[in-house]
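2 protein chains.
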Amino acid sequence: MMNAMKEFFNVINLDEVFEYIHKFPPVGVEKITLPQTVGRILAEDIISDIDLPDFRRSTMDGFAVQGVSTFGASEGNPAYLSVKGAVVMGESPDYSIGPGEAVKISTGGMLPQGADSVIMIEHTGKIDETTIEAYRSVAPGQNVIEVGEDYTKGTTVLTAGTKIRPQETGLLAAFGKTSANVYKQPVIGIISTGDEIVTIDEIPGPGQIRDINTYTLSGLVQQTGARSVSFGIVHDYFKALSDKCNQALSQCDMVLVSGGSSVGVRDLTIDVLTSLKDTNIFFHGISISPGKPTILAKVQRKAFWGLPGHVVSAMIVYSRIVKPFVEHISGLAQQFDRDLRTQAILSRNLPSAQGRVDYIRVRLLHKKGTLWAEPILGKSGLINTMVQADGLIEIGMNTEGLEKGTEVEVLPL
Amino acid sequence: MMNAMKEFFNVINLDEVFEYIHKFPPVGVEKITLPQTVGRILAEDIISDIDLPDFRRSTMDGFAVQGVSTFGASEGNPAYLSVKGAVVMGESPDYSIGPGEAVKISTGGMLPQGADSVIMIEHTGKIDETTIEAYRSVAPGQNVIEVGEDYTKGTTVLTAGTKIRPQETGLLAAFGKTSANVYKQPVIGIISTGDEIVTIDEIPGPGQIRDINTYTLSGLVQQTGARSVSFGIVHDYFKALSDKCNQALSQCDMVLVSGGSSVGVRDLTIDVLTSLKDTNIFFHGISISPGKPTILAKVQRKAFWGLPGHVVSAMIVYSRIVKPFVEHISGLAQQFDRDLRTQAILSRNLPSAQGRVDYIRVRLLHKKGTLWAEPILGKSGLINTMVQADGLIEIGMNTEGLEKGTEVEVLPL
Chain F
1 MMNAMKEFFN VINLDEVFEY IHKFPPVGVE KITLPQTVGR ILAEDIISDI DLPDFRRSTM
61 DGFAVQGVST FGASEGNPAY LSVKGAVVMG ESPDYSIGPG EAVKISTGGM LPQGADSVIM
121 IEHTGKIDET TIEAYRSVAP GQNVIEVGED YTKGTTVLTA GTKIRPQETG LLAAFGKTSA
181 NVYKQPVIGI ISTGDEIVTI DEIPGPGQIR DINTYTLSGL VQQTGARSVS FGIVHDYFKA
241 LSDKCNQALS QCDMVLVSGG SSVGVRDLTI DVLTSLKDTN IFFHGISISP GKPTILAKVQ
301 RKAFWGLPGH VVSAMIVYSR IVKPFVEHIS GLAQQFDRDL RTQAILSRNL PSAQGRVDYI
361 RVRLLHKKGT LWAEPILGKS GLINTMVQAD GLIEIGMNTE GLEKGTEVEV LPL
Chain L
1001 MMNAMKEFFN VINLDEVFEY IHKFPPVGVE KITLPQTVGR ILAEDIISDI DLPDFRRSTM
1061 DGFAVQGVST FGASEGNPAY LSVKGAVVMG ESPDYSIGPG EAVKISTGGM LPQGADSVIM
1121 IEHTGKIDET TIEAYRSVAP GQNVIEVGED YTKGTTVLTA GTKIRPQETG LLAAFGKTSA
1181 NVYKQPVIGI ISTGDEIVTI DEIPGPGQIR DINTYTLSGL VQQTGARSVS FGIVHDYFKA
1241 LSDKCNQALS QCDMVLVSGG SSVGVRDLTI DVLTSLKDTN IFFHGISISP GKPTILAKVQ
1301 RKAFWGLPGH VVSAMIVYSR IVKPFVEHIS GLAQQFDRDL RTQAILSRNL PSAQGRVDYI
1361 RVRLLHKKGT LWAEPILGKS GLINTMVQAD GLIEIGMNTE GLEKGTEVEV LPL
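If you read the sequences in order, they're chains F and L. Just so it is clear: in the first sequence, position 202 is 202 by my numbering, and no numbers are missing. Add 1000 to a position in the second sequence, counting from 1, and you land on the number used in my numbering.
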């Protein structure tokens, strides 16, 4: 029943795709200053070279005491304490205290020798200039951060491959790292193909349409923390595409070509890829929908993707398939998956073909205290369906479909 | 029982905090080129000036036909069609077709006059150079994107206040927008206070600690899509802080001062704020934990925040309280909440005081097919608790606590 035409020659399942991820190494390391680190991937292990903190700090405004001096204290039976002075912030107290003694201290202040705890100012009353009464007892260690309680000296506090959030930048600050070694941001080349595609500053003639994929794919690449370089639109001629691919390969760490990965008569990507120097085609076709006509090749040690031309398909393939490869060459370790997913209730029945993974665009709606995932069913050439969508749900290979009312996980878009 | 000291003079509940958000207008508008728009907030409505697409496009590789010519076709009883030629991509076919006729067409090609549908190439067979047989019937409209099916001319396709994702950038591309009016990114000034704080390139002496809040808060501001400007560390002297606040106010759209917002003897922020020209203090204290000692003032039309000095408290107050204010002055509309939250199962009982909202740091763990939220209990001066955390859970004002096994929503960190 098939016409005499090229077929997908190596269709693989979704879970096999990620076996190729380790064929492509991270792109390299650079040193950047601390304020630039947020969102970057750490390329070195960080070992604490001091105890943090390296002195006992008060966590409250109050009085540093020996806990034992307050044992049994209550409002009806306060403990009387003799005030020896006040801790100056940022300085080491040059005296020690004993039983029955107290020193005024602010949050973050250094406890004097002899003190083991801090009684909150709210739990004390002033008797005279050198005497207070304490209305509660405090246990040794109470309202105090001990030496090394945050991190002890010699600990590995961060490991290479960690994505740096604001708290990791703060941690580097705590250890006095004014700069850090991070993985370079990979440069991803983007090529749009198709004789019907015109640039966005042109008025499309009959049968023509403006280039969308360059902009959606560049945006997705930027969101992944990589750099995008656009190589514009290439028309469907072998030499034009071949030249552009070679140009992109020489300047980039990975190349995405959208359009021309299907099996139509004029689909050139696979032919051009095959002709490039030092090419290994890993697969042509993934059993997913949308996005089946996806190609991955290794060309001159770099990942080279053929993506579907339909805007929705190209975005979904990037988000679910290409992005982990970009993150991998960005140095991100295969650590705990911090991708948060939202549970929602499916608002209608969804049929699905067995033998492939289906991605369904959904809109999230709060209705009567329930979060609903409402499928957006539309052709994969319609960008409005992606503008309306808040996320995707994935229907597994061996699932025939999902019933209305099923709890589903929504992957953000 | 309270010592003679300044008290929080205006503690408010969490839900009242956001009533102040509209006291602060968005910071202004600028025009930027299309590739820069991802992550920015649109400042204009976008109206479609053309139908998208403005011609009937094929969604498949195949033959454009009149559906009626294929009605009743099957493998045993194919319909024979006369092939009139092939559609050239990006061109308008200069002929029309009638019943029993077909024209070869690729995905994205323009249907000729007379054609109303496309039969997939897989469902046809070639008889000779000018004849094919069709093994299936297609309905009118099948495998075709109609004129205006994505967007019709004159529609408002995006509204001001929308956060631009890659798909919205793609939509702007489709309508030929080479630039867009977006809200300016607000500039947020950051000041750290405390006599015990030293810069990160210093070796802390006894009782001293490096500045962390400048880096965590700058990182959070960057993640919100705003620009951060650090004004360094100010020691606890009225004039020094007052001068620095005036400097920050003259250069920024919002100012964050961390430390010094509590009610200790040396806590100056509230005094300095009160002394600034044209100040209105909205609240001093929010019934949340951690983060109670938070101040919001309007100073010379700008939001001025006093944040707690503890690193964890400052980060949580930014994430849950300050961030929506930054987003508001960034022009983000109060649209559907796209913040995705993850449901997880609480791994232990959590007590909580009534009358305040508690934020609990949690680590997410996959164990035996269940996603667990494991509380990280630690002092709010310990940054390691934020490095370990994947998110926060919120325990409401009127809740006494949560039991192990409760389903909780996790807000990402």
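Where a beta carbon is used, it is the ideal one built from N, C-alpha and C, also for glycine. Remember, predicted model here, so these are calculated numbers, not experimental data.
The DSSP-derived three-state label of Glu-122(F) is helix. Interface annotation, Leu-1081(L): not in contact with chain F, CB-CB separation never under 9 Å. Under the three-state reduction of DSSP, Ser-319(F) is assigned to helix. Between Arg-1348(L) and Gly-1391(L), the CB-CB gap reaches or exceeds 9 Å. Looking at the DSSP output, Met-1386(L) shares a beta bridge with no other residue. In the assembly as shown, Asn-1143(L) is a buried residue. Its beta-carbon has 16 or more other beta-carbons within 10 Å.
Listed by position along chain F, the residues whose Cβ is nearer than 7 Å to that of Met-1386(L) are Gln-167.
Contact note: Gly-1285(L) does not reach chain F at a C-beta cutoff of 7 Å; the least C-beta distance is about 14 Å. Under the DSSP assignment, Phe-1282(L) falls in the beta strand (DSSP E) whose first and last residues are 1279-1284. Taking 9 Å as the Cβ-Cβ cut-off, the stretch 84-109 of chain F approaches chain L at Ala-86, Val-87, Val-88, Met-89, Gly-90, Glu-91, Ser-92, Pro-93, Lys-104, Ser-106, Thr-107, Gly-108 and Gly-109, given in chain order. Considering only beta carbons, the part of the stretch 21-53 of chain F lying closer than 7 Å to chain L consists of Leu-34, Pro-35, Val-38 and Pro-53, in chain order. Listed by position along chain L, the residues whose Cβ is nearer than 7 Å to that of Ser-117(F) form an empty set, because the closest Cβ is around 13 Å away. Look at the stretch 363-379 of chain F: the residues with a C-beta under 7 Å from a C-beta of chain L are Lys-379. Nearest C-alpha to Ser-287(F) among Glu-129(F), Pro-293(F) and Arg-356(F): Arg-356(F).
Listed in chain order, the beta strand (DSSP E) runs fully inside the stretch 1013-1071 of chain L are 1029-1033 and 1062-1065, counting runs of at least 3 residues. Our two residues, Asn-1246(L) and Lys-1239(L), have alpha carbons roughly 10 Å apart in a direct line. In the DSSP annotation of this structure, the continuous segment of the alpha helix (DSSP H) that includes Leu-171(F) starts and ends at 166-174.
Taken atom to atom, the span from the alpha-carbon of Thr-399(F) to that of Val-326(F) is near 29 Å. Sequence-distant Cβ neighbours of Thr-155(F) in its own chain, meaning closer than 6 Å and more than five residues away, are Ser-48.
By the CB criterion at 9 Å, Ile-1188(L) and Ile-1041(L) fall outside the cutoff. Taking Thr-1159(L) as the centre and dropping the five residues before and after it, the same chain places the C-beta of Asp-1045 closer than 6 Å to its C-beta, in chain order. The C-beta separation of Gly-1259(L) from Ser-1192(L) comes to about 6 Å, placing the pair in contact by the 8 Å criterion. Between Pro-112(F) and the set Gly-90(F), Lys-126(F), Thr-131(F) and Glu-122(F), the nearest pair of CA atoms involves Gly-90(F). Under the criterion of beta carbons closer than 8 Å, Gly-161(F) and Gly-331(F) qualify as touching, at roughly 6 Å. Taking a Cβ-Cβ threshold of 9 Å, the residues of chain L close to Thr-59(F) are His-1310, Lys-1379, Ser-1380 and Gly-1381, in chain order.
For Leu-1081(L), the enclosing beta strand (DSSP E) has its first and last residue at 1079-1086. Taking CB atoms only, Glu-202(F) has a neighbour in chain L less than 9 Å away. Only residues of its own chain outside the window of five on either side were considered, and among them Gln-1066 and Ser-1069 have a CB closer than 6 Å to the CB of Pro-1099(L), listed in chain order. Per DSSP, the beta-bridge partners of Ile-1132(L) are Leu-1081(L) and Lys-1126(L). The beta carbon of Ile-233(F) sits closer than 6 Å to those of Ser-192, Ile-197 and Asp-211, all from its chain and outside the five residues before and after it, given in chain order. Around the Cβ of His-1366(L), a 10 Å sphere holds fewer than 16 other Cβ atoms; the residue is exposed.
If you compare the alpha carbons of Leu-34(F), Gly-401(F) and Arg-341(F) with that of Leu-172(F), the shortest gap goes to Leu-34(F). A Cβ-Cβ distance of about 7 Å is found for the pair Val-1322(L) and Leu-1256(L), placing them in contact under the 8 Å criterion. Rounded to whole angstroms, the separation of the alpha carbons of Asp-1128(L) and Pro-1093(L) is 22 Å. For Thr-1130(L), same chain residues with a beta-carbon under 7 Å away, outside a window of 5 residues either side, are Ser-1082 and Val-1083 in chain order. At least one C-beta of chain L is nearer than 9 Å to the C-beta of Glu-149(F).
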